[in-house]
Amino acid sequence: MTKEKLIKNQALNSLKGSWLILIAMALVISAVIIALSGFGTIIQLITKSFDITTNTAKPGKEFLFELVNGISVAVMFFLSPLINGFFKSAYTAVHNEIPKIWDLFSFFKSAKLYFKAILLNLMFCIILSAAAFAFDFDYLIKIIMDSVSNNDILAAVLQPVLNVGFGAVSVFLISFVYLFFVNYAMFLFVDDPKSNVFSCFGKGVKMFVKNFGNTMKLYFSFIGWIALCFFVVPTFYVLPYITTTFATSAKWLISIEKGRN
């Protein structure tokens with residue numbers, strides 16, 4: 078049995094009694110995001126800054142439109158320790174304990190813990206936002222489509238192929254950035270919330286580099302599951318399995334590092 082298969086089997090065993098709780102947590106986080114987005118849209122409609130025909134700001138109302146968007150994003154960010162709570166709950170599950178639904182709010186228990194989570198999340202947010210911007214290939218698709226604009230049949234065939242192809246490349250590259258900078262750093266932090274967040278970040282990157290091959294094999298073993306998220310299975314169902322699997326991997330790597338120290 079390969080290491081990846083062993084880790085995934087351990088994760089499935091850890092999810093017994095915990096899967097529904099983690100799904101509920103994912104749904105709570107999703108509901109918060111949807112509620113804030115919806116509330117922002119309602120405010121934009123009330124202030125008549127949102128053009129429902131174009132899904133953009135009305136002329137002369139751009140500042141108000143962007144202000145509401147900015148406030149919505151800021152509120153979401155300040156509630157981001159909910160995500161840390163989700164990761165902590167997955168990490169709890171791999172230690173053969175069933176997490177409680179209120180563990181989602183673990184990082185709201187003290188001001189110090191909350192602001193440490195916020196600082197770490199800010200670092201992650203900057204990195205992932207930069208990756209999303211850098212690996213947005215819409216401009217390449219536009220260039221290619223413009224070059225075949227005189228051939229309607231070719232353009233009709235090429236458009237979906239380019240969207241899927243460049244979309245897959247973009248998802249892979251952003252996922253790689255996530256694994257490099259975020260994955261292990263997050264689990265190091267939830268393993269020891271008292272630790273320095275910059276130390277967690279540095280150790281997380283080092284851990285990924287040292288275990289690059291095994292981490293990428295584990296990631297590629299989930300390609301099928303990730304594809305299902307786009308076509309069949311709701312993401313909130315798959316997310317606990319993927320998160321718990323990487324939590325299992327992190328648990329063993331962290332325990333090895335502790336043993337060396």
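Be aware that the sequence shown starts at 78, since it is given in the numbering used here, and climbs by one per residue.
Glycine included, each C-beta is placed from N, C-alpha and C at the ideal position.
According to DSSP, residues forming a beta bridge with residue i
{"i": "Thr-79", "result": "Its beta-bridge partners do not exist; DSSP assigns none."}
{"i": "Asp-128", "result": "Thr-133"}
Alpha carbon of residue i to alpha carbon of residue j, nearest angstrom
{"i": "Asn-227", "j": "Ala-233", "result": "11 Å"}
{"i": "Tyr-191", "j": "Gly-244", "result": "35 Å"}
{"i": "Ile-148", "j": "Tyr-168", "result": "32 Å"}
{"i": "Ala-304", "j": "Glu-139", "result": "37 Å"}
{"i": "Ala-88", "j": "Phe-266", "result": "20 Å"}
{"i": "Gly-336", "j": "Trp-329", "result": "10 Å"}
{"i": "Thr-131", "j": "Lys-80", "result": "50 Å"}
{"i": "Asn-146", "j": "Gly-117", "result": "7 Å"}
{"i": "Lys-219", "j": "Asp-269", "result": "47 Å"}
{"i": "Ser-166", "j": "Lys-82", "result": "22 Å"}
{"i": "Asn-260", "j": "Gly-279", "result": "12 Å"}
{"i": "Lys-343", "j": "Leu-235", "result": "Residue 343 lies beyond the stretch modelled for the chain, which goes from 78 to 338, so this question has no answer here."}
{"i": "Phe-164", "j": "Met-102", "result": "10 Å"}
{"i": "Ser-298", "j": "Asn-173", "result": "23 Å"}
{"i": "Lys-189", "j": "Val-152", "result": "19 Å"}
{"i": "Thr-292", "j": "Phe-264", "result": "14 Å"}
{"i": "Ser-107", "j": "Ile-319", "result": "17 Å"}
{"i": "Asn-198", "j": "Tyr-255", "result": "12 Å"}
{"i": "Phe-185", "j": "Phe-285", "result": "28 Å"}
{"i": "Pro-317", "j": "Ile-100", "result": "7 Å"}
{"i": "Ser-183", "j": "Leu-159", "result": "8 Å"}
{"i": "Phe-212", "j": "Phe-249", "result": "10 Å"}
{"i": "Ser-332", "j": "Lys-283", "result": "15 Å"}
{"i": "Glu-334", "j": "Trp-302", "result": "30 Å"}
{"i": "Asp-128", "j": "Ala-209", "result": "26 Å"}
{"i": "Asn-90", "j": "Lys-177", "result": "17 Å"}
{"i": "Leu-217", "j": "Thr-133", "result": "23 Å"}
{"i": "Ala-262", "j": "Ile-123", "result": "42 Å"}
{"i": "Met-222", "j": "Gly-242", "result": "14 Å"}
{"i": "Ala-207", "j": "Ile-98", "result": "32 Å"}
{"i": "Asp-229", "j": "Pro-136", "result": "34 Å"}
{"i": "Ile-119", "j": "Leu-104", "result": "22 Å"}
Residue range of the unbroken alpha helix (DSSP H) whose run includes residue i
{"i": "Ile-204", "result": "188–211"}
{"i": "Ser-107", "result": "96–123"}
{"i": "Glu-139", "result": "139–155"}
{"i": "Leu-92", "result": "From DSSP, Leu-92 is part of no alpha helix (DSSP H); its letter is neither H nor E."}
{"i": "Phe-289", "result": "289–297"}
{"i": "Asn-161", "result": "158–170"}
Cβ-Cβ separation, residue j to residue i (assumed contact under 8 Å), whole Å
{"i": "Leu-181", "j": "Gly-162", "result": "4 Å"}
{"i": "Ile-204", "j": "Phe-289", "result": "That belief does not hold up - the Cβ atoms of Ile-204 and Phe-289 are roughly 18 Å apart, past 8 Å."}
{"i": "Ser-95", "j": "Ala-194", "result": "Their Cβ separation, rounded to whole angstroms, is 22 Å, which puts Ser-95 and Ala-194 out of contact at 8 Å."}
{"i": "Lys-85", "j": "Thr-322", "result": "5 Å"}
{"i": "Ser-247", "j": "Phe-214", "result": "6 Å"}
{"i": "Val-225", "j": "Leu-231", "result": "5 Å"}
{"i": "Ser-276", "j": "Leu-295", "result": "That pair is no contact at about 24 Å."}
{"i": "Cys-202", "j": "Phe-154", "result": "7 Å"}
{"i": "Leu-73", "j": "Val-315", "result": "Given that the chain is displayed from residue 78 to residue 338, the structure contains no residue 73 and the question cannot be resolved."}
Closer than 9 Å to chain B by CB, residue i
{"i": "Lys-271", "result": "As a matter of chain content, chain B is missing from the structure shown, which is built from one protein chain."}
Residue i: CB within 8 Å of a non-hydrogen atom of the ligand FAD
{"i": "Ile-110", "result": "Summarising the ligand content, the structure contains no ligands, and the ligand FAD is consequently not present."}
Practice item. Within the region 212–272, note down every full alpha helix (DSSP H) run reaching 4 residues or more, in order along the chain. Key: 215–224, 229–255 and 261–268
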